[in-house]
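S.K.: Right, I'll just put the structure down here and ask away after.
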Amino acid sequence: MNTKDLKILYTEEQIQAKIKELADEMNKFYNGEEVVAICVLKGAVIFATDLVRNLNMPLKMEFIRLSSYNGGTTTSGKVNAVDISLPDLNDKNVLIIEDIVDTGLTAKFLLDFIHCNFHTKSTKFCSLLDKKITRKTDVEPDYYCFEVDDKFLIGYGLDYDGYYRNLPYIAYMEKV
Ligand code: 5GP
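Numbering (the numbering used here), first residue to last: 22 to 197.
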């Protein structure tokens, strides 16, 4: 696969502008209160690091790793907790940061996990992308940058078989 076969959906400038907008909204909502941001590896890492640098409250970052993809472009439909070790989140403002909500199974798994294990002060779910059209659960992100169609997207953290996460833009493949 070559980057010349990619169609750019959102440029670096569009992504960065939208992140600033989202961060402004969050800065208003949290109003200086401490936040624990949970970055879902690996896909959300680029988005999360850009987002948190625009947040102005005291903030701790945690990283967890889940997987539902088979390596290519198909989901297994089952979420696996590869590493979900988290500190005590009782009474904390928890902000989950994901790359994309597709079926919503990962988001639901994570939200259920948090709700079952902690009494947080608040729990918000933030996703770079929202593929509403493929949703199989009733989960909706509280914050998202862009709503997208049912295409397999790569770049800005999103991978194809481990590659392309380093692209500064979001693109789709014409043919997979
Ligand atoms: P869900 O559980 O909502 O179906 O899927 C969530 C995970 O599937 C995401 O965190 C992401 O890793 C993967 N995923 C879903 N759609 C895409 C896509 O278009 N491109 C890539 N690279 N990963 C996707």
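No residue lacks a Cβ here, since even glycine has one placed at the ideal position from N, Cα and C.
Do Leu-27 and the ligand 5GP come close, with the Cβ less than 7 Å from some heavy atom?
M.R.: No - the ligand 5GP has no heavy atom lying nearer than 7 Å to the Cβ of Leu-27.
S.K.: I think Glu-174 touches Leu-30, with their Cβ atoms under 8 Å apart; what is that distance to the nearest whole Å?
M.R.: Just to set this straight, residue 174 is Leu in the shown sequence, not Glu. 7 Å between Cβ atoms; contact.
S.K.: So what does DSSP say about Thr-144, is it helix, strand or coil?
M.R.: If DSSP states are grouped into helix, strand and coil, Thr-144 belongs with the strands.
S.K.: Quick one: complete beta strand (DSSP E) runs, 3+ long, within the region 28–67?
M.R.: List check, beta strand (DSSP E) in window: 56–62.
S.K.: Are any of the Cβ atoms in chain C nearer than 8 Å to that of Asp-45?
M.R.: In the structure shown, chain C does not exist; there is a single protein chain.
S.K.: Figure out for me which residue from Lys-28, Asp-26, Ala-65, Lys-172 has the closest Cα to the Cα of Ile-85.
M.R.: Residue Ala-65 is the option with its Cα nearest to Ile-85.
S.K.: Could you spell out the range, first to last residue, of the beta strand (DSSP E) harbouring Leu-116?
M.R.: Note, Leu-116: beta strand (DSSP E), 114–122.
S.K.: Work out the CA separation of Thr-155 and Asp-15 for me, nearest whole Å.
M.R.: The question about residue 15 has no answer here: the residues shown for the chain are numbered 22 through 197.
S.K.: Tell me which same chain residues have a C-beta within less than 6 Å of the C-beta of Tyr-165, skipping the five on either side of it?
M.R.: Excluding sequence neighbours, Tyr-165 sits near Ser-148, Asp-151.
S.K.: What is the DSSP secondary structure of Asp-151, reduced to helix, strand or coil?
M.R.: Asp-151 falls in the strand class under three-state DSSP.
S.K.: Thinking just about the alpha-carbon of each residue, which of Val-169, Leu-80, Asn-101 is nearest to the one in Asn-198?
M.R.: Beyond the ends of the chain as shown, which are 22 and 197, falls residue 198; an answer cannot be given.
S.K.: Can you tell me which of the three DSSP states Phe-134 falls into?
M.R.: Reduced to three states, the DSSP call for Phe-134 is helix.
S.K.: Thinking C-beta only, is Phe-130 closer than 8 Å to Val-169?
M.R.: Going by C-beta atoms, Val-169 is not nearer than 8 Å to Phe-130.
S.K.: In its own chain, which residues sit with a C-beta less than 7 Å from the C-beta of Ile-118, not counting the 5 before and 5 after it?
M.R.: Only Ala-58, Ile-59, Cys-60, Val-61, Ala-65, Phe-68, Ala-69, Leu-72, Cys-147 meet the Cβ criterion.
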